[in-house]
Amino acid sequence: MLLSYLAFSQEEAKFYIGFNEEPLASAFETIEHTYNIRLSYDAQLTSGKSITITPQYLALTDLLSIVENQLSLSFEFINKRYIIVHSIESSLQLQKLERIVITSYLTQGISKQENASFKIKPKRLGVLPGLTEPDVLESIQLLPGVISPNETASGLIVRGGKLDQNRVIWDGINMYHKGHLFGMLSPFNSYATDEIEFINKGSHPRYGERASSVINMSTTKSVANTTKAQIGLNGIHTDAFLEMPLIENKLAVQASIRSSYTNLYQSYTFDQLAKKVFESTKISDVENSNNDFSFLDYNVKLNFKPNTKHSIFASIISINNELDYTVSGTDNKMFNDVMQISNSGYGLGWEAQWQPKLKQVTNLFFSEYELDYNYITFEDEEEQSNFEKRNVIYDSGISTEIQYQLNSQQDLTLGYQYVLKDVGYIFKNTANLEFILDQDDSKIQTHSVYTNYDYKNPKLFNVSIGARATYYEELDAFRLEPRLLLYKTLLKNLTLQLSGEVKHQILSEIDETVISDLSLENRLWRLANGKEFPIINSKQASLGFIYENKGWMLDVDGYYKTMDNITALSFGFLNPENSQYNIGERDVVGVDVFLKKRYNKINSWIGYGFNHSRSKYENLNDERAFTSRSNVLHAVTAAVSYKLSDFQMALGWRWQTGKPFTASTVTEDGYEFNEGINTERLPNYHRLDFSSTYDFSFSNRNKLKGKVGLSIRNIYNQNNLINREYIGNNDFENEIERIDKFSLGLTPNLMFRLYW
């Protein structure tokens, strides 16, 4: 490809650059930072490729010519800064790629798109503090505006939202599982995940159903030409991954499996995680016990490409956690906690490129989530009582979307979605007689149509305008959700981003009182009914800017969010006569700031988040607003990473203000609450994390490669108080007990991996 016509000043500037068997993805990252450009390419293009260039002073045009000759690549310049990379040998149809605003946002493999979303490529992900392996949900926690106050992988609070307001999607399948080991580990295998799209504002109207964020994970869409395999082991689990062709250039399969091995051996890493999870429960308090815990997840995907215009996939995912805990008490009494949490899903997709400018994407999915919990008491080996809790979700749907490119600057999207949600839960207690304490079983069918219009003009602005209209059949309700995203270049290195959106949500979680003090999974899903559980309404507007210059990058974004029709169970210790669900609202004001500096092989960044969230409910706190329970007013993350060839290391520090809690006074009659709701805060939280990995080859002639890693969380073993709550609060006669929960202590983890 001729590059002579691109003789502008940027290409004439020469920089000292060179590579020695550098992986192509890493080399591209260095080129981007050195020449201040952006390269867009399919991840498969760089897979397994490396490059060697003798260190020398080179202009960009000369450097790209060398890369072209070595690797049979071509470079298409969109403008002076944005370049699309193609494979000369590839016969695949070229696809329109999303323009990247910031590459290596935190580290290699995380980028920020022009549509304000974040793209995470786990296979390209650099080392992050506290993680030896790429983790889908833990990686998102390091992004601005995202926190996990309870130190769980899945307990994400995004811009002051609630835990249940994050929509999690795997290959088009809605997922509800909260994570292995009761949220401590991500339930999704990162080695099987090809790409993650994280959206916290200005989301595309194809994404409905939740009021806060979207986490859209997808496995590979390409048909593999060669067989690849991996096996790995760390302090918690072991896993395996396989990708292989079945019919050349037509059909390929990808499969992965991951399982705990705690039934064989419980490492120090697992003990530390279990200590935090089972804190303040019988499992941590009693020595005479038998605790059997395990988890398993797997996924299989088939990719079929009958011709260049059509592609089909079928995907299966299964996640399962089991706990069977028995403790022997006094007077021949025995207590047994049995819990099983599972989430399985099935997805089918079809993409058709009818014309060069016309594409259709159709998907079907089915997701089943089930939580079963039994608390059984025995006396003289005879069952005395059985408290049962069950939560079931059947979620299925079909969607089709038309994507039409009007011209080089304009795109139009039209789509339709049908979804059926069937959700039920029950609480019952069986002694001599069976008593149903609470139950619900309902379903809602939704019909949604949406459209989105994109206009891109680098000389003026880029704008995305969309709307989503949804009809809830059983509720006989209609909701309209407009969306707007504006991207404008103000100066050479300064861009402006503005967004606004309205969202609605019919499925949410409730907190229930549990008879057993195990209390590991207290939150249950239920559907809106238009009465005491109305449809949740969320509105968000944000305004920010991005500045880049000479290796510096500053991203600042302010936002305002409101949520109406949220529900909460009354605090019985404040008013034992009121144990109903109350409808309320929440207002959130926040600012996210992210500053990064890259210098040669050293990458450093610091992020700051300010979030002020207040809630107000009917019949609570005299209907006066109070600080939201999960609100973290200030949060700071800082990290520095270093990469030298196949060795990587990262050190990161987190600091944040403590969560609010309701203050109490100890009297002769027990605890009294006279100061209102969430008027005090826990002590400030902080911890230091470290990670390091090393990739190696067994020989130059052998394809077998290895990787070892070490991570240490909470290096100085800070004892952080992360939660304070009260139980026994739903009856005048029950004694109130205060429960304090603490953070994870010093927790090392080792990793060893083989791949070929």
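Residue 208 in full-length UniProt numbering sits at position 208 of the sequence shown, and the numbers go up by one each step.
The beta carbon of each residue, even a glycine, is placed where N, CA and C say it ideally should be.
As the structure is a computational prediction, the values presented were derived from the model and not from experiment.
- Residue 234 is a Cβ neighbour of residue 751, given a cutoff of 7 Å.
- Taking residue 720 as reference, the option from 671, 704, 694, 655 with the minimal CA-CA separation is 655.
- Rounded to whole angstroms, the separation of the alpha carbons of residue 558 and residue 677 is 27 Å.
- Shown here for residue 338: same chain residues with a beta carbon closer than 6 Å to its own, the five before and five after excluded, namely 324, 374 in chain order.
- Distance from the CA of residue 645 to the CA of residue 109, rounded to the nearest whole angstrom, comes to 16 Å.
- If one requires a minimum length of 3 residues, the beta strand (DSSP E) runs lying completely within the stretch 34 to 117 are 38 to 40, 50 to 59, 73 to 77, 82 to 87, 100 to 102, 110 to 113, in chain order.
- Contact annotation: residue 505 and residue 536 have beta-carbon atoms nearer than 7 Å.
- Scanning 60, 624, 588, 384 for the CA closest to the CA of residue 431 turns up 384.
- Between residue 741 and residue 722, the C-beta gap is smaller than 7 Å, which places the two residues in contact.
- Close CB contacts of residue 270 within its chain, under the 7 Å cut and outside five residues either way in sequence, are with 235, 236, 262 (chain order).
- One thing to note: residue 549 has its Cβ within 7 Å of the Cβ of residue 493.
- Here residue 354 has 309, 360 as same chain residues with Cβ atoms under 8 Å from its own Cβ, once five neighbours each way along the sequence are excluded.
- Annotation for residue 183: no beta strand (DSSP E) segment contains it, though the alpha helix (DSSP H) segment containing it runs 180 to 183.
- Residue 716 sits in coil when the DSSP states are folded into three classes, being neither helix nor strand.
- Excluding five sequence positions before and after residue 426, the CB atoms of its chain that fall closer than 7 Å to its own CB belong to 390, 436, 439, given in chain order.
- DSSP places residue 528 in no alpha helix (DSSP H); its state is neither H nor E.
- Shown here for residue 363: same chain residues with a beta carbon closer than 6 Å to its own, the five before and five after excluded, namely 172, 349, 399 in chain order.
- In the same chain as residue 396, and ignoring 5 residues on each side of it, the C-beta atoms closer than 6 Å to its own belong to 366, 420, in chain order.
- Counting C-beta pairs with one atom in each stretch, the stretch 623 to 640 and the stretch 605 to 615 have three or more that are closer than 8 Å, which means they touch.
- If you draw a straight line from the Cα of residue 129 to the Cα of residue 278, it comes to about 25 Å.
- Residue 259 is bridged by DSSP to 238, 296.
- Rounded to the nearest whole angstrom, the C-alpha separation of residue 246 and residue 218 is 21 Å.
- In this structure the stretch 161 to 170 lies against the stretch 202 to 214, because at least three pairs of beta carbons, one per stretch, are closer than 8 Å.
- Around the Cβ of residue 142, a 10 Å sphere holds 16 or more other Cβ atoms; the residue is buried.
- Around the C-beta of residue 23, 16 or more other C-beta atoms lie within 10 Å, and the residue is accordingly described as buried.
- Separation of residue 215 and residue 251 (C-alpha to C-alpha, rounded to the nearest whole angstrom) is 28 Å.
- Taking residue 187 as the centre and dropping the five residues before and after it, the same chain places the C-beta of 177, 179, 180, 297, 319 closer than 7 Å to its C-beta, in chain order.
- Annotation: residue 270 is outside any beta strand (DSSP E); the continuous alpha helix (DSSP H) that includes it extends over 268 to 277.
- Residue 61 and residue 103 have their C-alpha atoms roughly 21 Å apart.
- DSSP links residue 742 through a beta bridge to 721.
- Residue 449 has its alpha-carbon roughly 19 Å from the corresponding atom of residue 169.
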